[in-house]
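Numbered by the UniProt record's numbering, the letters in the sequence shown go through residues 1 to 82 in order.
Just so it is clear, CB atoms sit at the ideal spot from N, CA and C, and this is done for glycine as well.
What follows is a set of notes on a single structure, which appears directly below.
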Amino acid sequence: MTKSIYSPEMIAVRTWLRSERLRLGLTMRELAHRLDRPHSFVQRIEEGDRRLDVVEFVWYCQALGLNPQDGIDLIHQAQSLS
1 MTKSIYSPEM
11 IAVRTWLRSE
21 RLRLGLTMRE
31 LAHRLDRPHS
41 FVQRIEEGDR
51 RLDVVEFVWY
61 CQALGLNPQD
71 GIDLIHQAQS
81 LS
């Protein structure tokens, strides 16, 4: 079994979160400030060096103005493709 950090599901979520950050015109530092976390927190997640737990995922979505359910739906879609 593939580690979850490298799974198609996690890659889909990571890609979605990054693209939404960019769509909003936010830098990693600006998002990190919204999350009250260091810049490296966002960087490591986007680069795939760190996974998000479920609570962090919700916080991340809220900081971007996203509905966490949309991310869950992406996970289901990625599962059906693999």
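- One thing to note: W16 has its Cβ within 8 Å of the Cβ of L74.
- Under the three-pair Cβ rule at 8 Å, the region 59 to 68 counts as touching the region 8 to 25.
- Taking the C-beta atoms as reference points, W59 is found nearer than 8 Å to L35.
- About 6 Å separates the beta carbons of R51 and M10, which is inside the 8 Å limit, making them a contact pair.
- The alpha-carbon separation between L31 and V55 amounts to approximately 16 Å.
- In this structure, M28 keeps its C-beta atom at 8 Å or more from the C-beta atom of V13.
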